[in-house]
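**Q** Got a structure here, written out as structure tokens. Questions coming.
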Amino acid sequence: MSIVYHEASKVFHLYNKTVSYIMMILPNGHMGQLYFGKKIHDREDFSYLLELAPRDMASYLYDNDRTFSLGHIKQEYPVYGSGDYRHPAVVVLQNDGSIYSDFVFSKYRISAGKPRLPGLPATYTESDDEAETLTIELRDTHDNLELNLMYTIFANGGIIARSASISNYGHDSVQLKTAMSLCLDLPDHDYEWMQFSGAWARERALHIRRLEYGIQAIDSMRGHSSHEQNPFIILKRPPADEFQGEVIGCSLIYSGNFLAQAEVESHGTTRILMGINPFGFSWKLNSGEQFQTPEAILVYSPNGLNDMSQMMHRLYRSRLARGYWRDRVRPILINNWEATYFDFTEEKLIQLAQKACKCGIELFVLDDGWFGKRTSSKAGLGDWIPNSERLPDGLKGLADKIENLGIKFGLWIEPEMVNADSDLFRAHPDWIYKVPGRKPCHGRYQYVLDFSRQEIVDHIFEKISLLLESANISYIKWDMNRSLTDVWSSGISAEQQGEVFHRYILGVYQLYERLTTRFPKVLFESCASGGARFDAGMLYYAPQGWISDDTDAIQRLSIQYGTSYGYPISSMGSHVSASPNHQLHRQTPLWTRANTAYFGTFGYELDLTRLSDNELSKLKIQTDFMKKYRQLIQFGRFYRLLSPFGNNVTAWMVVDENRNEALVGWYRTLNVVNGPFTRLHLQGLDESCFYDVMEFVEGSPSAVTSHYGDELMNLGLITSDASSGQYADGRRESCDFDSRLFYLKKK
Ligand code: DGJ
10 MSIVYHEASK
20 VFHLYNKTVS
30 YIMMILPNGH
40 MGQLYFGKKI
50 HDREDFSYLL
60 ELAPRDMASY
70 LYDNDRTFSL
80 GHIKQEYPVY
90 GSGDYRHPAV
100 VVLQNDGSIY
110 SDFVFSKYRI
120 SAGKPRLPGL
130 PATYTESDDE
140 AETLTIELRD
150 THDNLELNLM
160 YTIFANGGII
170 ARSASISNYG
180 HDSVQLKTAM
190 SLCLDLPDHD
200 YEWMQFSGAW
210 ARERALHIRR
220 LEYGIQAIDS
230 MRGHSSHEQN
240 PFIILKRPPA
250 DEFQGEVIGC
260 SLIYSGNFLA
270 QAEVESHGTT
280 RILMGINPFG
290 FSWKLNSGEQ
300 FQTPEAILVY
310 SPNGLNDMSQ
320 MMHRLYRSRL
330 ARGYWRDRVR
340 PILINNWEAT
350 YFDFTEEKLI
360 QLAQKACKCG
370 IELFVLDDGW
380 FGKRTSSKAG
390 LGDWIPNSER
400 LPDGLKGLAD
410 KIENLGIKFG
420 LWIEPEMVNA
430 DSDLFRAHPD
440 WIYKVPGRKP
450 CHGRYQYVLD
460 FSRQEIVDHI
470 FEKISLLLES
480 ANISYIKWDM
490 NRSLTDVWSS
500 GISAEQQGEV
510 FHRYILGVYQ
520 LYERLTTRFP
530 KVLFESCASG
540 GARFDAGMLY
550 YAPQGWISDD
560 TDAIQRLSIQ
570 YGTSYGYPIS
580 SMGSHVSASP
590 NHQLHRQTPL
600 WTRANTAYFG
610 TFGYELDLTR
620 LSDNELSKLK
630 IQTDFMKKYR
640 QLIQFGRFYR
650 LLSPFGNNVT
660 AWMVVDENRN
670 EALVGWYRTL
680 NVVNGPFTRL
690 HLQGLDESCF
700 YDVMEFVEGS
710 PSAVTSHYGD
720 ELMNLGLITS
730 DASSGQYADG
740 RRESCDFDSR
750 LFYLKKK
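Heads up, the sequence shown is in this note's numbering, so the first residue is 10 and it goes up one at a time.
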């Protein structure tokens, strides 16, 4: 990898074996974008890429010149008001009321590795040879602002990390109105835009559309990244698919209000902007202060969507997630939520844990309802003290009893929230977001604590620390069950209210940082009514997240498949739940529920005391299976093979880094009578090696067949052996919501 600056042509070229990112200092000192794409040879001068042209209605910077217009020049961090009529990356409201800035190149530095971003989650390096960072310093001398644009190129893969910081060296304060993390001007708009949208219980469904003239965008104004949209989009060339063609992934490492926008302007170029949502945002930057934007990640692949996703997976799994659990296989857990909801006694919990233990489950998670007066969603949030009626021996008593059974103990918390019916609220009614003189909205009967105020974060930190110290707690599920409303803080001046959304998420990050530092071996799982805050920001603190409250195995295929475009398998909380399923009331076979949930962190979310001995014995087979293959599943290379979006059959597979073994999941939503002959083309195998292939039927291996890697990838694996309705070996009939699991081992 290399970052070069060509002094004579004023061109910067960041490149590695996969990607080139080229920009130049424009004649007016702003930064111009020249190229982002497949790696090309370096050369002295790329300034011929600067397209200058006289155009009617353009506005020009130089006297007697009708070519240099910011209106048609591709830029790195554009401003509004001097000829560029596209949406800008930065807007600064100054004391004289002007919103025009002029950031001019001042100097640059190149450093090995990657600096951390103060107070924000970001990718990192573990040694300096993993990446190189270019910082470009620009200055606006009129109001003495300094803009630093940071670009990190990683040694491996087509990955560029970007962020910006703005420092005020003037006497007066200014108001930042927009400060995006990323601007990417592309020379054309021959792209399809892919976004991952949904709602509660159906998160991250893939939607694709052609880029068109005008603006297309996704965003969140809810105070968290949301079920509705995810801060991750993909641009792909129309013919590109999973395995070939040009693809650009853009991911924002941020959990609050965001915007991802594509603007196709009238000459057909595309401007991508990504960062904190400018709606409702402003930030007062006093003299001597600095504002740091979140980090955005750009991933380029010339080899299709799977390759782009695999780069994202590697980066986020190993250089965004951190800590003790980062590289460790995840414990198989049982969560009592769908088993009991709020209705439990200690006795019931112990019964569940005893069964769990027999099934080989490693961690028992006590979900909502163990504290304060929390016997429904109407009370107790904020009072992080065990309910002594429900847990007569306290949390420690329960945790010890569970540990004595031989499994670990984990706990649910929702630290950002409070019910009006709670001691915390009675003591501090002014700690929630509400506008003076107005009645605040509730969500699920709860209110949001003002985490922009340090004393509130400190209070919660103390309470949760005490909790974690009070018992043997190995795991925390950190939930967040409502969007923000009435966002007004008494801790800050009227002119700074536009900061509160961002300060809220900074408070959340701070609490996560302090708790994960103080309790480094506790496994944190993020959650927000399922997947309403499943984003890269959270992954920095919690290496896994509950991706959805929908535990139906078939709905989960879409959710897991959609999530896999931008996030690694090791990050996806996935559980086997009851049939009929509690969200969709669908009945699915136990093997399909497991075959779907294996491709994640794996666990259970059902009342084990209601299962038959036969079913319990199957669970034991499942946990044995997962223990054997979870290293491969959670840390192997994941390939999407057949998409659930609009199709009856879904398939995916994981292959270990050495291509020695692989696991293939195949799922069919509705049974097909007298069906066609089908073959599934596998990926990522060693072409010239022989693989033993066996099918696991409810955990038991079938007869082995052997095939070359190229056979399996080009001819495919036969998946129509039950096209008559009966599997060839007669072991069972095919059915709706059927699934199959194949294991491949190099000979
Ligand atoms: C929402 C979560 O997504 C569920 O798994 C569960 O923890 C409930 N909250 C508890 O209130």
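Glycine included, each C-beta is placed from N, C-alpha and C at the ideal position.
Taking one C-beta from the region 717-729 and one from the region 631-647 each time, how about it: are there three or more such pairs within less than 8 Å?
**A** no
**Q** Can you check which of these residues, S748, T27, I473 and E696, is closest to L307 by C-alpha distance?
**A** T27
**Q** For the ligand DGJ, is there any heavy atom lying closer than 7 Å to the beta carbon of D544?
**A** no
**Q** With a Cβ-Cβ cutoff of 8 Å, do W292 and G507 count as a contact?
**A** It is a contact, given that the beta carbons lie within the stated cut-off.
**Q** Grab me the residues of W661's own chain with a C-beta within less than 6 Å of its C-beta, minus the 5 sequence neighbours each way, in chain order.
**A** R649, L650 and G674
**Q** Rounded to the nearest angstrom, how far is the Cβ of G546 from that of P130, given a contact under 8 Å?
**A** Their Cβ separation, rounded to whole angstroms, is 5 Å, which keeps G546 and P130 in contact under 8 Å.
**Q** What does DSSP give as the partner residues of H198 in its beta bridges?
**A** H198 pairs with nothing; no bridge assigned.
**Q** Are the CB atoms of L566 and T659 within a distance shorter than 8 Å?
**A** yes
**Q** If you run the structure through DSSP and keep just helix, strand and coil, what is D701?
**A** In the structure shown, D701 sits in a strand (DSSP, three-state: E or B).
**Q** Taking 7 Å as the cut-off, is the CB of S264 close to at least one heavy atom of the ligand DGJ?
**A** no
**Q** Give the secondary structure of E696 by DSSP, where H, G and I count as helix, E and B as strand, and everything else as coil.
**A** coil
**Q** Which stretch, first to last residue, makes up the alpha helix (DSSP H) that contains T525?
**A** Per DSSP, the continuous alpha helix (DSSP H) segment holding T525 begins and ends at V509 to R527.
**Q** Applying the 10 Å Cβ sphere with the 16-neighbour rule, what's the burial state of T150?
**A** exposed
**Q** Does K357 come out as helix, strand or coil in the three-state DSSP assignment?
**A** helix
**Q** For E226, which residues from the same chain have a beta carbon less than 8 Å from its beta carbon, with the 5 sequence-adjacent residues on both sides left out?
**A** Before going on, a small fix: residue 226 reads as Ala here, not Glu. Once the five neighbours on either side are set aside, the close Cβ partners of A226 are L268, A269, Q270 and A271.
**Q** With K245 and Y178 assumed to form a contact (beta carbons below 8 Å), what rounded beta-carbon distance in angstroms separates them?
**A** At roughly 42 Å, the Cβ-Cβ gap does not stay under 8 Å, so K245 and Y178 are not in contact.
**Q** Looking at C-alpha atoms only, which residue of I257, I224 and L261 is the closest neighbour of Q238?
**A** L261
**Q** Around the C-beta of G759, are 16 or more other C-beta atoms found within 10 angstroms, so that it is buried, or is it exposed?
**A** Nothing about residue 759 can be read from this structure; the chain reaches only from 10 to 756.
**Q** On the DSSP bridge list, what partners appear for G284?
**A** According to DSSP, which records beta bridges pairwise, G284 is partnered with M189 and L268.
**Q** Would you kindly check if the distance between the Cβ of K754 and the Cβ of D695 is under 8 Å?
**A** no
**Q** Cutting at 7 Å between CB atoms, please list the residues of its own chain near W379, excluding the five before and the five after it.
**A** P395, N396, R399 and L400
**Q** Give me whichever residues DSSP pairs with C259 in a beta bridge.
**A** I242 and L307
**Q** Relative to the C-alpha of Y86, which residue among Y454, K530, R542 and M189 is closest?
**A** M189
**Q** Report yes if the C-beta distance between R491 and S386 is below 8 Å; otherwise report no.
**A** no
**Q** Check H216 in the structure and name its three-state DSSP category.
**A** strand
**Q** Between the alpha carbons of W600 and G575, how many angstroms are there, rounded?
**A** 27 Å
**Q** Decide yes or no for the touch test of the region 54-71 against the region 15-33: beta carbon pairs closer than 8 Å, at least 3 of them.
**A** yes
**Q** Kindly provide the ranges of any beta strand (DSSP E) runs that are 3 or more residues long and lie completely inside the region 37-106, ordered along the chain.
**A** 40-47 and 99-102
**Q** If you reduce the DSSP assignment to three classes, tell me which class A140 lands in.
**A** strand
**Q** Within 7 Å: the Cβ of D377 and any heavy atom of the ligand DGJ?
**A** yes
**Q** What separation, rounded to the nearest whole angstrom, lies between the Cα atoms of C536 and Q592?
**A** 17 Å
**Q** Please identify the residue among N312, L282 and R542 whose C-alpha is closest to the C-alpha of W209.
**A** R542
**Q** Here's the rule I'm using: 16 or more other beta-carbon atoms within 10 Å means buried, otherwise exposed. How should D430 be labelled?
**A** buried
**Q** Relative to the ligand DGJ, is the shortest distance from any of its heavy atoms to the C-beta of G391 smaller than 7 Å?
**A** no
**Q** What does a CB cutoff of less than 7 Å around L61 pick up in its chain, not counting 5 residues either side in sequence?
**A** T76 and F77
**Q** Is it right to say R749 is buried, meaning 16 or more other beta carbons lie within 10 angstroms of its own, or is it exposed?
**A** buried
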